[in-house]
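See structure below.
Residue numbers (the working numbering): 175 to 538.
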């Protein structure tokens with residue numbers, strides 16, 4: 175009953191305010207249709223000869239491989255707008271549920287099934303309406319508000335991804351409201367499907383999500399995020415970035431996750447990642463990602479160390495710009511707390527893994 179009441183209140187707010195929104199803000203007229211996206215390819219090798227580091231994407235070893243074609247459309251007419259984004263290729267393939275196998279999977283606690291992997295994936299599909307100049311409502315399937323890294327390689331500095339990214343949500347389907355108090359503070363709150371990365375609820379829309387955005391000083395923004403539901407579990411997340419000088423930027427992501435009823439295990443994960451970057455010229459930027467990730471006792475994660483163990487990763491990355499094309503050489507060192515996560519050249523367990531990759535990303 176509580177869930178239905180919340181849905182009713184949000185729906186009533188949407189339709190009630192929409193009826194008089196034209197009186198509260200100035201109509202901007204028709205904006206042009208905007209097309210954006212990216213194309214990427216890479217070559218990667220693990221020094222052991224095995225594909226060792228189990229994070230999202232770029233997992234093929236000693237192969238010239240493809241990422242994805244990402245195509246996004248955006249259009250605004252008056253106070254209304256929409257965003258649609260579709261990807262094709264291995265990087266765009268996602269599981270319908272965390273830890274799902276390819277093919278048809280069953281939603282936890284239901285008899286509903288969905289597709290695991292596909293050659294294409296909807297990254298975003300949502301509509302949005304400005305009720306006032308400060309108040310916005312958005313509904314549909316949206317890139318998650320949690321975390322520092324994203325799916326699109328054009329929007330990430332590092333080409334490989336963190337353990338925090340891999341184990342967090344990629345998308346959330348739901349209805350959210352955002353109120354901008356000032357140019358320094360805004361608040362988003364909404365209700366979302368219980369299961370991450372799917373646009374079918376499985377009959378349950380019980381996850382609450384919120385994001386407090388704060389800009390304490392110029393060029394420094396912090397996002398305090400929470401997503402919690404009986405099925406999906408609870409994740410607290412801090413994401414912040416500070417452009418300290420024109421050449422030096424510092425980012426940080428910290429998160430803690432406790433599994434919900436959709437998981438057959440208890441526990442979860444916690445971790446922190448630091449992202450210092452320095453521009454050494456107009457076309458070359460150097461950066462480091464330092465990450466510590468811990469799997470809680472009794473837990474299982476999509477990718478990472480066994481229960482009760484941790485992994486530390488150091489990734490050195492360069493971005494070399496040539497117009498819309500970015501070349502990304504990267505070397506990564508991961509070390510686990512025990513010798514049961516990686517393998518060496520002979521196939522024996524070891525505590526460390528090292529990989530090198532070279533990627534090319536064209537963004538438009």
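Built from N, CA and C at the ideal position, the CB exists for glycine as well.
(1) Do you know whose CA, among 376, 358, 326, lies nearest residue 347's CA?
(2) Do you know offhand how far residue 511's Cα is from residue 293's?
(3) Give me whichever residues DSSP pairs with residue 295 in a beta bridge.
(4) If we count Cβ pairs, one from each stretch, closer than 8 Å, do we get three or more for the region 338–354 versus the region 242–262?
(5) Considering only residues of the same chain and omitting the five flanking positions on each side of residue 446, which have a CB-CB separation below 6 Å?
(6) May I ask which residues mark the beginning and end of the alpha helix (DSSP H) holding residue 339?
(7) Looking at the structure shown, is residue 327 part of a helix, part of a strand, or coil, going by DSSP?
(8) What's the gap between the Cα of residue 274 and the Cα of residue 475?
(9) Sort out for me which residues DSSP pairs residue 364 with in a bridge.
(10) Can you tell me where the beta strand (DSSP E) holding residue 139 begins and where it ends?
(11) Whose C-beta lies closer than 6 Å to the C-beta of residue 444 among residues of the same chain, with five residues either side of it excluded?
(12) Do residue 535 and residue 494 come within 8 Å of each other at the CB atom, strictly closer than that value?
(13) Would you decide whether residue 473 is buried or exposed? Buried here means 16 or more other CB atoms lie within 10 Å of its CB.
(14) Answer with buried or exposed for residue 516, where buried requires no fewer than 16 other C-beta atoms within 10 angstroms of its C-beta.
(15) Can you check DSSP and say which residues form a bridge with residue 314?
(16) Counting Cβ pairs, one atom from each stretch, are 3 or more of them under 8 Å apart for the region 517–528 and the region 229–247?
(17) With DSSP as the reference, please indicate the residues paired to residue 495 in a beta bridge.
(18) From the DSSP output, in three-state form, read off residue 266 for me.
(19) Taking only three categories from DSSP, how would you classify residue 518?
(20) With distances taken between CB atoms, is the gap from residue 401 to residue 505 smaller than 8 Å?
(21) Classify residue 525 as helix, strand or coil using the three-state DSSP reduction.
(22) Measure the Cβ-Cβ separation of residue 395 and residue 414 and say whether it is below 8 Å.
(23) For residue 527 versus residue 239, is the C-beta spacing smaller than 8 Å?
(24) So, using beta-carbon positions, are residue 344 and residue 367 closer together than 8 Å?
(25) In the DSSP output, what is residue 513 paired with across the bridge?
(26) For residue 258 and residue 298, which I take to be in contact (beta-carbon distance under 8 Å), what is that distance rounded to the nearest angstrom?
(27) Just the C-alpha distance for residue 519 and residue 224, rounded to the nearest angstrom, thanks.
(28) Short of 7 Å in beta carbon distance, which residues of its chain neighbour residue 471, apart from the five on each side in sequence? Order them along the chain.
(29) Among the residues of its own chain, which have a CB less than 6 Å from the CB of residue 464, if the five just before and after it don't count?
(30) Determine the DSSP secondary structure at residue 355, reduced to helix, strand or coil.
(31) Can you tell me which residues form a DSSP beta bridge with residue 425?
(32) Relative to the C-alpha of residue 211, which candidate in 363, 204, 462, 245 has its C-alpha closest?
Here's the rundown:
(1) 376
(2) 36 Å
(3) 261
(4) no
(5) 428, 466
(6) 337–341
(7) helix
(8) With a pLDDT of 36 at residue 274, under the threshold of 50, the modelled position of that residue is not reliable, and no figure is offered here.
(9) 350, 383
(10) What the structure shows of the chain is the stretch from 175 to 538, and residue 139 is not part of that stretch, so it cannot be assessed.
(11) 430, 468
(12) no
(13) buried
(14) buried
(15) 300, 348
(16) no
(17) 500
(18) helix
(19) coil
(20) no
(21) coil
(22) yes
(23) no
(24) no
(25) Paired residue(s): none; residue 513 is not in a bridge.
(26) 7 Å
(27) 7 Å
(28) 441, 481, 482
(29) 448, 488
(30) coil
(31) 415, 449
(32) 245
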